[in-house]
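Residues 68 to 277 (our numbering) make up the sequence shown, in order.
To start, the structure itself, in structure tokens.
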Amino acid sequence: MTIALFGGTFDPVHFGHVEIATQLAEHLKIENLRLMPCGVPVHREQPIANANQRLEMLGMAITDRPQLAIERREVEQSEPSYSIDSLRRIRADIGPEQTLFMCLGMDALEQLQHWHQWRQLLDYCHIVAVARPGAQRPTKPPLKLWIEQHQSQQSAADESRPSGHLHFCSLNLLDISSTQIRQRLKQRRSIDTLTPDAVIDYIHRHHLYE
Ligand code: ATP
């Protein structure tokens, strides 16, 4: 069975995440895509909602998507969430043969060279980078060169090797971000249509992002 992970802060989850994850599951032709919220992010400011709140909102947002699941391993640890460590642990659990994808948005790929041990990520998984409004394919070394070396011409869904390649894909995405939701809430503006009603209720009940 192929495993695909989609990491993020999900502070809070929004329709952009749910859509991209759903379309990725379809694109990769897999039955189960795991959303992996990070516990203590390393490359960005700390989340406002705590890990448990982000998990609860995520659970609410995917109730009607049987193809999506939550991978809790990063939120359940107290140390910083380095993707390379999570990938090593997951690879140790699933063994060397199984195909593993790590999916991320293009904005995240642009920052990849700042990730801990980024050159070793492909030892454990394939990376699928999804085009995102406002984010470009990296054009500067060393990332550009690394991409040229590892980019596959094959479709990700046809990938038979367990790890080692970079795939780009262009999906039908929504231009929504968690930053936009947090800003709107701060300005007491509506976030209807940006995230599911259950998540909106939760945010208001817990006075998040005020
Ligand atoms: P923030 O605004 O707080 O940075 P975000 O909306 O970018 O949050 P994250 O939880 O940081 O969401 O993102 C998780 C992953 O989802 C990242 O790989 C990011 O690129 C991707 N992503 C988030 N929103 C979208 C979207 N609307 N379209 C495509 N990719 C997205």
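The C-beta atom is built at its ideal place from N, Cα and C for all residues, glycine as well.
Count the other CB atoms within 10 Å of the CB of residue i; is the residue buried (16 or more) or exposed (fewer)?
{"i": "G83", "result": "buried"}
{"i": "D78", "result": "buried"}
{"i": "M124", "result": "buried"}
{"i": "V109", "result": "exposed"}
{"i": "A128", "result": "buried"}
{"i": "A224", "result": "exposed"}
{"i": "A159", "result": "exposed"}
{"i": "G201", "result": "exposed"}
{"i": "P209", "result": "exposed"}
{"i": "T69", "result": "buried"}
{"i": "E226", "result": "buried"}
{"i": "S150", "result": "buried"}
{"i": "T260", "result": "exposed"}
{"i": "R101", "result": "buried"}
Just checking my contact of residue i with residue j at CB under 8 Å: how many whole Å lie between their CB atoms?
{"i": "S245", "j": "T130", "result": "Contact doesn't hold; Cβ gap of about 19 Å is too wide."}
{"i": "L238", "j": "I87", "result": "6 Å"}
{"i": "G162", "j": "H193", "result": "With a Cβ gap of about 16 Å, G162 and H193 do not count as contacting."}
{"i": "A118", "j": "L95", "result": "27 Å between Cβ atoms; not a contact."}
{"i": "R139", "j": "V85", "result": "The pair is not a contact, with the Cβ atoms about 18 Å apart (cut-off 8 Å)."}
{"i": "I280", "j": "H81", "result": "In this structure the chain extends from 68 to 277, so residue 280 is not present and cannot be described."}
{"i": "M169", "j": "V197", "result": "The Cβ separation is near 12 Å, so there is no contact."}
I'd like to confirm something about residue i: is its beta-carbon nearer than 6 Å to some heavy atom of the ligand ATP, or not?
{"i": "D174", "result": "yes"}
{"i": "L240", "result": "yes"}
{"i": "R204", "result": "no"}
{"i": "F77", "result": "yes"}
{"i": "S219", "result": "no"}
{"i": "I270", "result": "no"}
{"i": "R199", "result": "yes"}
{"i": "G106", "result": "no"}
{"i": "T260", "result": "no"}
Flag residue i as yes if its beta-carbon sits less than 7 Å from any beta-carbon of chain D, otherwise no.
{"i": "S227", "result": "The question asks about chain D, but that chain is absent: this structure has only one protein chain."}
Identify every run of the alpha helix (DSSP H) within the region 147-200, keeping only runs that are complete inside it and at least 4 residues long; order them along the chain. With a minimum length of 4 residues, the continuous alpha helix (DSSP H) runs that stay inside the region 147-200 are 150-161, 173-177.
What beta strand (DSSP E) runs, 3 residues minimum, are completely inside the region 213-274? Fully enclosed beta strand (DSSP E) runs of 3 or longer: 233-236.
Taking contact to mean 3 or more Cβ pairs, one atom from each stretch, closer than 8 Å, check whether the region 172-186 and the region 101-115 are in contact. Verdict: yes, contact present.
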